[in-house]
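Let me begin by presenting the structure, written as structure tokens, before commenting on it.
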Amino acid sequence: MCLAVPGKLLEVFDENGLKMGNIDFAGSVSKACLEYVPEIEVGQYTIVHAGFALSVLNEKEAQETFDAWDEVIDAANKDGIGLEKLERPD
Amino acid sequence: MKYLDEFRDPKIAKKILDEIHQVTTQPWVIMEICGGQTHSIIRNGIDQVLPKEIELVHGPGCPVCVTPLEIIDKAIEIAGRPNVIFTSFGDMLRVPGSKKDLFMVRSEGGDVRTVFSPLESLKIARENPDKEVVFFAVGFETTAPGNAMAVAQAAKEGLSNFSELVSHVLVPPAMEALLSSSTNRVQGYLAAGHVCTVMGWEEYTPIAKKYEVPIVITGFEPLDVLDGILHTVKQLEAGTFEVENRYARIVEEGGNKPAQVLIQDVFEVADRKWRGIGEIPVSGFRITEKYRQYDAELKFDVGEIKTDEPEECISGVILQGLKKPHDCPAFGKTCTPQNPLGATMVSSEGACAAYYKYQRIKAD
Ligand code: SF4
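Residue numbers (the numbering used here), protein chains in the order written: chain L, 9 to 98; chain Y, 20 to 383.
Listed below in structure tokens is the structure:
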């Protein structure tokens, strides 16, 4: 019940007086209750637990993380450090 | 998939891992609280590529694993009654009670159904006004918003045939109980990101200070976990003990306010038993006076059922970070995912199931 990955909100509708939405998780669409993320808009990403959206993904924060990693990769390339697949020791 | 693949990039993983190796100078024991993170660590082999000085121990953050035997027995008792439709997340059906599990109740004719959300359970209650519909409300802070909403919604609609068997547990009191134990080995925590989406992280600051442990809020993808470990080790090496949010794309400091408001209306903090660990003061929720009629424990009068844990299963010790699953004599022998003796072998988030699936048979 807890392995939540972000999904993309496709549409919003009402069901029994609750704000609900259809959410796309990498191609599989499921319904979730949106009452706890009243600010969410179609196209945004959200984390869902047991049928309830709990948080809207902050795209700016995600971008900052990607940017930081890009710098890491650039620096590594400059140093000539090989960045092949993560290898596990035997 | 956007916001997923980026957090699984092996190149960046290698880079973070290199940095972990660079900053580690002495042995550290770090606990990941959440079963989702345990699963990610074992599946991705993260424990096998870390410096040998760093030991990861697996915390009690799997709701299926810590739900006490007693509550399972209460669920089985209620589910076996003639006029009841018992609804639950699928994981709970295979958790052994003291004599049987919910699957067996179903094979004996009980109406036991799996649902993905407590709202599905409400729908069943609407459609079956002549039956009592019970939802097995287990979990941590992540499932509390949904379980609270179902009760509030039942009250709003006047659905008197709906109730919840509540076994809700809270993460911060468990973290504190582990740290204050005389046998504690944990020096730093990876805090469960999604628990913080609901409650925020204010509660962690006094714990970090009092016990002088760094607490790093961490996500679930391999890079999130590696990054969380890196920042925990950096703090340990520097002798600092701050709460650090490394999952800012999802977690905000104050958590989810609308969820907190409804949780406080429907639930109140209570002492709770944890499977294999025992009772931890103020470590869970029960239904408030206002919504008492939706409390299945009262409605079906099962409050008196008391059950002791079996001695064979050492999951309680594992969830306190004192032993590893392969230290259990039953592991892989009398206890397997097909025939689990303890809940940590049932749930995909359980440490025993993860070790079994990814063949961590021998101690490294
Ligand atoms: S292997 Fe089975 S019996 Fe041993 S601790 Fe894990 S769940 Fe319990």
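Backbone N, C-alpha and C fix where the C-beta goes; we use that ideal spot for every residue, glycine too.
The structure displayed is predicted, hence computed values, not measured ones.
Exercise. In chain order, what residues of the same chain have a beta carbon less than 8 Å from the beta carbon of E89(Y), not counting five sequence neighbours either side?
Worked result: A distance below 8 Å between beta-carbons, with the five flanking residues on each side excluded, links E89(Y) to the following residues of its chain, in chain order: K292, I324, K325, T326.
Problem set entry | Every unbroken alpha helix (DSSP H) inside the region 54 to 84 of chain L [4 residues or more] | none
Exercise. Whose CA, out of E127(Y), R100(Y), S107(Y), E139(Y), lies closest to the CA of S38(L)?
Worked result: Considering only alpha carbons, the answer is E139(Y).
Problem set entry | Residue from G158(Y), P148(Y), S117(Y), G116(Y) with nearest C-alpha to S136(Y) | Looking at the Cα atoms, G158(Y) is the closest of the given residues.
Problem set entry | Outcome for G247(Y) when other beta-carbon atoms lying within 10 angstroms are tallied against a minimum of 16 | buried
For this session: Using 10 angstroms around the beta-carbon of D130(Y), count the other beta-carbons present and answer buried if the total reaches 16, otherwise exposed.
Result: buried
Exercise. Can you pull the DSSP bridge partners for N30(L)?
Worked result: Partner residues in the beta bridge of N30(L), as assigned by DSSP, are E19(L), K39(L).
Exercise. Taking only beta-carbon atoms, is N66(L) less than 8 Å away from chain Y?
Worked result: yes
Exercise. How about A173(Y) and V285(Y): do their beta carbons lie closer than 8 Å?
Worked result: no
Exercise. If we count the other Cβ atoms within 10 Å of its Cβ and call it buried at 16 or more, is V170(Y) buried or exposed?
Worked result: buried
Exercise. For G297(Y), which of P79(Y), Y22(Y), E72(Y) has the nearest alpha-carbon?
Worked result: P79(Y)
Exercise. So with Cβ pairs under 8 Å, would you call E69(L) a contact of chain Y?
Worked result: yes
Exercise. Since L23(Y) meets chain L, which of its residues come closer than 8 Å, beta carbon to beta carbon?
Worked result: V13, P14, A34
For this session: With a threshold of 7 Å, establish whether the CB of A227(Y) neighbours any heavy atom of the ligand SF4.
Result: no
Exercise. Does DSSP put F319(Y) in a helix, a strand or coil?
Worked result: Residue state for F319(Y) is assigned as coil, using DSSP reduced to three classes.
For this session: Specify, as a first and last residue, the run of the alpha helix (DSSP H) that H58(Y) falls within.
Result: 54 to 62
Problem set entry | Separation of S182(Y) from K228(Y), as counted between CA atoms | 40 Å
For this session: Could you tell me whether the Cβ of R379(Y) comes closer than 8 Å to any Cβ of chain L?
Result: Output row for R379(Y): interface = no.
Exercise. Taking Y266(Y) as the reference, which of T259(Y), Q254(Y), F239(Y) has the closest Cα?
Worked result: For Y266(Y), the closest C-alpha among the options T259(Y), Q254(Y), F239(Y) is that of F239(Y).
For this session: Would you list the residues whose beta-carbon is nearer than 5 Å to any heavy atom of the ligand SF4, in the order they occur in the chain?
Result: Result (chain order): C332(Y), I333(Y), S334(Y), C347(Y), A349(Y), F350(Y), C354(Y), L360(Y), G361(Y), T363(Y), M364(Y), C371(Y).
For this session: Please work out which residues of its chain come closer than 6 Å, Cβ to Cβ, to G116(Y), disregarding the five sequence neighbours upstream and downstream, and give them in chain order.
Result: I91, D92, I95
Exercise. Leaving out the 5 sequence neighbours to the left and right, which residues in its chain are closer than 8 Å to S63(L) when beta-carbon positions are compared?
Worked result: V45, T54, I55
Problem set entry | Backbone secondary structure at L338(Y) - three-state DSSP | coil
Problem set entry | Candidates E74(Y), D24(Y), A32(Y), F26(Y): closest to G340(Y) by CA position | E74(Y)
Exercise. From the beta carbon of H187(Y), is the nearest beta carbon of chain L less than 8 Å away?
Worked result: no
Problem set entry | Contact the region 267 to 277 of chain Y vs the region 199 to 215 of chain Y: 3+ CB pairs below 8 Å | yes
Exercise. What does a CB cutoff of less than 6 Å around P87(Y) pick up in its chain, not counting 5 residues either side in sequence?
Worked result: K292, R294
Exercise. Would a check of beta-carbon distances place G29(L) closer than 8 Å to chain Y?
Worked result: no
For this session: Identify whether Y375(Y) lies in helix, strand or coil by the three-state DSSP scheme.
Result: helix
Problem set entry | Nearest candidate by alpha-carbon position, reference I306(Y), set T106(Y), C347(Y), A315(Y) | Selected option, being the one with the closest Cα: A315(Y).
For this session: Note down, in chain order, every chain Y residue with its Cβ under 8 Å from the Cβ of L62(L).
Result: Here the neighbours are T161, P164, H213, T216, V217, N275, A278.
Problem set entry | Neighbour-count burial assignment, N24(L), 16 or more Cβ in a 10 Å radius | exposed
Exercise. P194(Y) CB to nearest chain L CB: under 8 Å?
Worked result: Reading off the sequence, residue 194(Y) comes out as Met, not Pro. With 8 Å as the cut-off, M194(Y) does not count as an interface residue toward chain L.
For this session: Could you tell me whether the Cβ of G59(L) comes closer than 8 Å to any Cβ of chain Y?
Result: Under the 8 Å criterion on CB atoms, G59(L) is classed as interfacial with respect to chain Y.
Problem set entry | Boundaries of the alpha helix (DSSP H) in which N386(Y) is found, first to last residue | As shown, chain Y starts at 20 and ends at 383. That puts residue 386(Y) outside it, with no answer to give.
For this session: Give a yes or no on whether the C-beta atoms belonging to T57(Y) and E368(Y) are separated by under 8 Å.
Result: yes
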